[in-house]
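> In my numbering, the protein residues as written are 30 to 505.
Note that beta-carbon positions come from the ideal geometry of N, C-alpha and C, so glycine has one too.
Before anything else, here's the structure in question.
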């Protein structure tokens, strides 16, 4: 099998002279992995369960080369200090974390990897002059397992998130209604077992699956929380869910809101204290706005989308949602899915997954939860775009009072050029640029509507992938 490309992940923020690892996988053709691949075979992923096909018809696939023997070349531009080559010895899947890399010059940097005629760049690395007060981390907070309607065991999915999806944060949100009390205790234990502060953060989480008012993911701040099933009388409606969330300090996140069959009925209820984020994109596709409003990735599965249930509709109702992307993956590959390459009809979940960027002072469970709680987050279509968005100096997720013109700043960087960047106010694009560049610092201003306004940034890359900042709310 020939090398066809790379999956490369670098840290998004480091200090000058700070050593870090470059994580990468060498890719080949996409192929289905048979069941019962036991550890004696090091050239294929391992499936501890007997099944490689989900009830939805999703197969477990892989695109890492079975093995690779040889060297790859590394180059990082001005200020790069690190290896110029890295050698794989063969005999196993070529996945590596290359240590000992640092930069001596501040600014945005990219590491280029070359081998056998193939070349790719890493995500942008922001090198700061001083030690960073906060860093940009990446997480997928929505996934399923063989216990409900997906593939792979919880341990396998957590392991993939850390070791192959190269995520900083992961949480398993299997359908609570599919789990017994004993199974829930096991899920909690797996989340806690995989938590390694400074390396890999996890959240104890579940999905509350109510088809009448819309699904919500539930995230607990600590190492335990009760299972909340929509089929259990105490939690069968939104009021019961909200009551439990308030009691346990849990964060609630509605998702695939625009879907006509399993979307979110915004008028059915909302708890502004506990329901602080919304999932804008996942394997379901994008719920930001309707196709007739310009959404290039509308939900088409399960009956498609319906008006009145998009993220913009909730924001226009006054719901103060931060914005995240997540996987909602059912194919066992958080952070690096192949859902869009499944050999099946579009009637199933085959869009590209989403991912969440979050700004936090450190990589711990507490810091990640705090960033989500304070809406210091943004969503992308599984691309690790550097993004900061401010209004009048207030960071995304903030609410401020301000009279007069609003100063708006959007800073972004990506390995693929941005073709369109928009400032959205109250659901409408008020300004846009078409930069055609990989690094953007855009300062502009707006007079406001005269009332309460919310602003956020919408970005599109040359390859069609998108990102959305969380809003800033400005009260007069």
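Which first and last residues belong to the alpha helix (DSSP H) in which residue 395 is found?
Where residue 395 is concerned, the enclosing alpha helix (DSSP H) stretches over 394 to 402.
> Give me, in chain order, the residues of the same chain whose beta-carbon lies closer than 6 Å to that of residue 450; leave out the 5 immediate sequence neighbours on both sides.
Contacts found: 462, 488.
> Of the residues 447, 399, 453, 285, which one's Cα is nearest the Cα of residue 437?
It is 453.
> Expressed to the nearest angstrom, what Euclidean distance is found between the alpha-carbon atoms of residue 505 and residue 152?
Using only the alpha carbons, I get a separation of about 38 Å.
> What is the residue span of the beta strand (DSSP E) that residue 230 lies within?
From DSSP, the beta strand (DSSP E) with residue 230 extends over 230 to 232.
> Under a three-way DSSP split, which group does residue 297 fall into?
Residue 297: helix per DSSP, three-state reduction.
> If the criterion is Cβ atoms closer than 8 Å, does the pair residue 180 and residue 324 meet it?
No; because the gap between Cβ atoms is not below 8 Å, this pair is not in contact.
> Please go through the same chain and pick out, in chain order, the residues whose beta-carbon is closer than 8 Å to the beta-carbon of residue 374, but skip the five residues on each side of it.
Legend: pLDDT at residue 374 = 48, less than 50; position of this residue unreliable, value from coordinates given subsequently. Counting only Cβ-Cβ distances below 8 Å, and skipping sequence neighbours, we find nothing.
> Quick one: any contact between the segment 328 to 338 and the segment 309 to 319, if contact means 3 or more CB pairs under 8 Å?
Touching, yes.
> Below 8 Å, how does it come out for the segment 156 to 163 and the segment 40 to 50: are there three or more Cβ pairs, yes or no?
Short answer: they touch.
> Using 8 Å as the Cβ pair cut-off and three pairs as the minimum, do the segment 419 to 432 and the segment 249 to 267 touch?
No: fewer than three Cβ pairs fall under 8 Å.
> DSSP on residue 43, reduced to helix/strand/coil?
Strand.
> Under 8 Å, do residue 294 and residue 242 count as touching if we go by C-beta distance?
Result yes, Cβ atoms of residue 294 and residue 242 sit closer than 8 Å.
> Considering just the uninterrupted stretch of the alpha helix (DSSP H) at residue 213, what are its terminal residues?
Element bounds for residue 213: 210 to 222.
> If I'm right that residue 176 touches residue 363 with Cβ under 8 Å, what's the distance once you round it to whole angstroms?
With a Cβ gap of about 16 Å, residue 176 and residue 363 do not count as contacting.
> Quick check: the segment 257 to 274 against the segment 195 to 209, are there 3 or more CB pairs under 8 Å?
Because the criterion of three Cβ pairs below 8 Å is met, the segment 257 to 274 and the segment 195 to 209 touch.
> Going straight from the alpha carbon of residue 306 to that of residue 187, what length do you get?
Taking the straight line from one Cα to the other gives about 23 Å.
> Per DSSP, what are the beta-bridge partners of residue 104 in this structure?
Paired residues: 141.
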